[in-house]
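A.B. asks: Just dropping this structure here.
Protein chains: 2
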Amino acid sequence: MGRPRAFDEDEAVRAAVGLFGGRAYDGVSVDDLVAHLGVHRNSLYKTFGSKRGLYLAALRRHLADDVRRLCDALAAASDTATALRLVTSADLGLLLLAAVERAPADEEVAAEVEAALLAIDQAIADALAIPAELAAALTATALGILLRGNPGGVGTALTQRLDPLH
Amino acid sequence: MGRPRAFDEDEAVRAAVGLFGGRAYDGVSVDDLVAHLGVHRNSLYKTFGSKRGLYLAALRRHLADDVRRLCDALAAASDTATALRLVTSADLGLLLLAAVERAPADEEVAAEVEAALLAIDQAIADALAIPAELAAALTATALGILLRGNPGGVGTALTQRLDPLH
DNA sequence: CCCGTTGAGGAACGATCGTTCTTGACTGAT
DNA sequence: ATCAGTCAAGAACGATCGTTCCTCAACGGG
C-alpha cells in the first residue's frame, strides 16, 4: 500500500558514492545530494535517517561493490606488477577520502575502512603467495600512488625491482 | 605606531598547523581557530585575509618547516629502510589531508602539495642514489603507510626485499 | 597633551548548513 | 467511493558557518 517510490534506492546510493568520492564529506551538502540523487529531502531522511546514514550506506556500497570487484580481479593476478596496476587503476576515491578525512572522526567509518584495506591485503597475499605484511606494504604503495594522482606510472619503477624477488 | 600585537604570528600559524593537520578543513571552524590560536577574529582577518589565507599560511609553514626538516634528515639516510622509516615517522598530517581533501578543490593547495612531494622524492633519490621514479614510488609507499596509521611496521617487510637491490 | 593609527573585544551580519514540518498526490484494500 | 498509509514537494526551522562592523584600549609622533 501507499504511494510507490519514484526513485531507485540502489541508483541513489551509487550516485552518492560518486558525490562523496569526489569531494570532502562537508563539501557535499544535502542540497547537492537532493539535486543529484533524484531523491527528495523527505525521502532521503526517511530512507537513510541522516546525511551520515546515507554516507555510511554509500561507503558500504562502495566497499561491497568496487572493492569487492577489485579483490576478485586480484585473485587472478599472478605477478606483483599486475596486482599493483589493478589497485592503482581501481576507482577508490571514496575509500581514500574516508580513510584520510572521515575515519579519524568517525569510528564506524574507521572500522569499515580498516576491514576493506585488510581484505585488499589478503587478496594480494593469496594471489601472489606472499606474507600478509608484504601484501600490506603493496597496498600502501598503491594507495600512495592513487593519492598522488599517479604521475606517469610511478609504480612500474618499483615493480621492476620487486618482481624478480618473490 | 599603534597598539602592539598581543599575539605571536609564528606561534599562531604553528597552532593552525596542528588544528588543520588534525581534522578536515571544514571541520575546523573560525571559532576553533580563534579559541586555540590566541588571535582574535579581527586580527585574524587583518593578518591572513580569510580562513583560506590562514590555511595556506599554515600549509606553507608546514612544508617549509616539517617537510624541509624531513628532507634534511633524508639527506643523511644511506639505505632504503632508513629513508622509509624517516618518512613514515614524520608528522605529515597536514600534507596528507591537503593532498587528499583540499588539493582537488584548490589548485593553489595542489601546487604546494605537488612541490612538496617532489622535494621528498628528490631528497630520497639523492640520498640513495636511485632514479627519481623509484624514489617517487618509495614516497608513495610511505604516504600509504601513513594513511593506514602504520599498522605494526608494515614498511619493514618491504624494505627487507628492497635493500638487497639497489 | 593630544591626535592618528593600530589592535583587541564582541556584537552582529547574511548565507548556508542539516533537519523537520506541512500539505497534497498517489496507491491498495475495504 | 472511501480510508489508511506512503511518498513527493517545498517551505521553514534553529544552528552554525565565514565575514564584517563598531567601539574602546594602547601606543608613537607633533
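Here the protein sequences line up with chains Y and H, keeping their order. First residue of the first sequence? That's 6 in the numbering used here, and the numbers climb one at a time after it. First residue of the second sequence? That's 6 in the numbering used here, and the numbers climb one at a time after it. Each residue gets a CB set at the ideal place from its N, CA and C atoms; glycine is no exception. The structure displayed is predicted, hence computed values, not measured ones.
Using CA coordinates, which residue listed in H:96, H:53, H:56, H:60 is at the minimum distance from residue 147 (chain H)?
C.D. replies: On the second sequence, residue 147 (chain H) is found 142 positions in, with the first residue counted as 1. Closest option to residue 147 (chain H), Cα to Cα, is H:96.
A.B. asks: Would residue 117 (chain Y) and residue 29 (chain Y) qualify as a contact pair, given that the criterion is a beta-carbon distance under 7 angstroms?
C.D. replies: Numbered from 1 along the first sequence, position 112 holds the residue referred to as residue 117 (chain Y). Numbered from 1 along the first sequence, position 24 holds the residue referred to as residue 29 (chain Y). Not closer than 7 angstroms, so no.
A.B. asks: Give me the Cβ distance between residue 122 (chain H) and residue 90 (chain Y), rounded to the nearest whole Å; I'm assuming they're in contact under 8 angstroms.
C.D. replies: Your numbering for residue 122 (chain H) matches position 117 in the second sequence. Your numbering for residue 90 (chain Y) matches position 85 in the first sequence. The pair is not a contact, with the Cβ atoms about 21 angstroms apart (cut-off 8 angstroms).
A.B. asks: Identify the continuous alpha helix (DSSP H) that holds residue 57 (chain H) and give its terminal residues.
C.D. replies: In the second sequence, counting from the first residue as 1, residue 57 (chain H) sits at position 52. Where residue 57 (chain H) is concerned, the enclosing alpha helix (DSSP H) stretches over 56 to 67.
A.B. asks: How about residue 79 (chain Y) and residue 128 (chain Y): are their beta carbons less than 7 angstroms apart?
C.D. replies: The residue you call residue 79 (chain Y) lines up with position 74 of the first sequence. The residue you call residue 128 (chain Y) lines up with position 123 of the first sequence. A contact, by the Cβ cut-off of 7 angstroms.
A.B. asks: So with CB distances below 9 angstroms, who are the chain H contacts of residue 9 (chain Y)?
C.D. replies: Here the question's residue 9 (chain Y) lines up with position 4 in the first sequence. Per Cβ cutoff of 9 angstroms: no residues; residue 9 (chain Y) is ~37 angstroms from chain H at best.
A.B. asks: Mind checking if residue 31 (chain H) is an interface residue toward chain Y, Cβ cutoff 7 angstroms exclusive?
C.D. replies: Start at 1 with the first residue of the second sequence, and residue 31 (chain H) comes out as number 26. At least one chain Y Cβ lies under 7 angstroms of residue 31 (chain H).
A.B. asks: Check distances from the C-beta atoms of the stretch 66 to 92 of chain H to those of chain Y and list, in chain order, the residues that come in under 8 angstroms.
C.D. replies: Listed by position along the chain: nothing, the set is empty.
A.B. asks: Measure the beta-carbon distance from residue 72 (chain Y) to residue 142 (chain Y) and round it to whole angstroms, keeping in mind my assumption that it falls under 8 angstroms.
C.D. replies: Taking the first residue of the first sequence as 1, we reach residue 72 (chain Y) at position 67. Taking the first residue of the first sequence as 1, we reach residue 142 (chain Y) at position 137. 18 angstroms between Cβ atoms; not a contact.
A.B. asks: Do you know offhand how far residue 145 (chain H)'s Cα is from residue 18 (chain Y)'s?
C.D. replies: Position 140 of the second sequence, counted from the start, is the residue given in the question as residue 145 (chain H). Position 13 of the first sequence, counted from the start, is the residue given in the question as residue 18 (chain Y). Each residue's alpha carbon lies about 31 angstroms from the other.
A.B. asks: Check residue 171 (chain Y) in the structure and name its three-state DSSP category.
C.D. replies: By 1-based counting over the first sequence, the position of residue 171 (chain Y) is 166. Caution is warranted here: a pLDDT of 47 is assigned to residue 171 (chain Y), below 50, making its placement in the model unreliable, and the coordinate value is therefore given only provisionally. Note: residue 171 (chain Y) maps to coil in three-state DSSP.
A.B. asks: Pairs of beta-carbons, one from the stretch 8 to 15 of chain Y and one from the stretch 37 to 52 of chain Y, closer than 8 angstroms: are there three or more?
C.D. replies: Result yes; three or more Cβ-Cβ pairs closer than 8 angstroms.
A.B. asks: Looking only at its own chain, which residues have a Cβ that is under 7 angstroms from the Cβ of residue 169 (chain Y), when we skip the five neighbours before and after it?
C.D. replies: To locate residue 169 (chain Y), count along the first sequence from 1; it is residue 164. Residue placement at residue 169 (chain Y) cannot be trusted, given a pLDDT of 49 that sits under 50; what the coordinates show is reported in the next sentence. Cβ neighbours of residue 169 (chain Y) beyond the five flanking positions: none.
A.B. asks: On the criterion of 16 or more Cβ atoms from any shown chain inside 10 Å, does residue 149 (chain H) qualify as buried, or is it exposed?
C.D. replies: As a working note, residue 149 (chain H) is residue 144 in the second sequence. With 16 or more other Cβ atoms within 10 Å, it is buried.
A.B. asks: Quick one: what does DSSP say residue 41 (chain H) is sitting in, helix, strand or coil?
C.D. replies: The sequence position of residue 41 (chain H) within the second sequence is 36, counting from 1. DSSP places residue 41 (chain H) in helix when its eight states are reduced to three.
A.B. asks: Report the residues of the stretch 139 to 153 of chain H with a CB closer than 9 angstroms to any CB of chain Y, ordered along the chain.
C.D. replies: Hits within the stretch, in order: 139, 140, 141, 142, 143, 144, 145, 146, 147, 148, 149, 150, 151, 152, 153.
A.B. asks: For my contact list, residue 61 (chain H) and residue 113 (chain H) are in at a C-beta cut-off of 8 angstroms; report their separation, rounded to the angstrom.
C.D. replies: Numbered from 1 along the second sequence, position 56 holds the residue referred to as residue 61 (chain H). Numbered from 1 along the second sequence, position 108 holds the residue referred to as residue 113 (chain H). Rounded, the Cβ-Cβ distance is 7 angstroms, consistent with contact.
A.B. asks: Taking only beta-carbon positions, decide if residue 112 (chain H) is within less than 7 angstroms of chain Y.
C.D. replies: Here residue 112 (chain H) refers to the residue found at position 107 of the second sequence. Chain Y contact via Cβ: absent.
A.B. asks: According to DSSP, simplified to helix, strand and coil, what is residue 46 (chain Y)?
C.D. replies: Residue 46 (chain Y) sits at position 41 when you count from the first residue of the first sequence. Residue 46 (chain Y) falls in the helix class under three-state DSSP.
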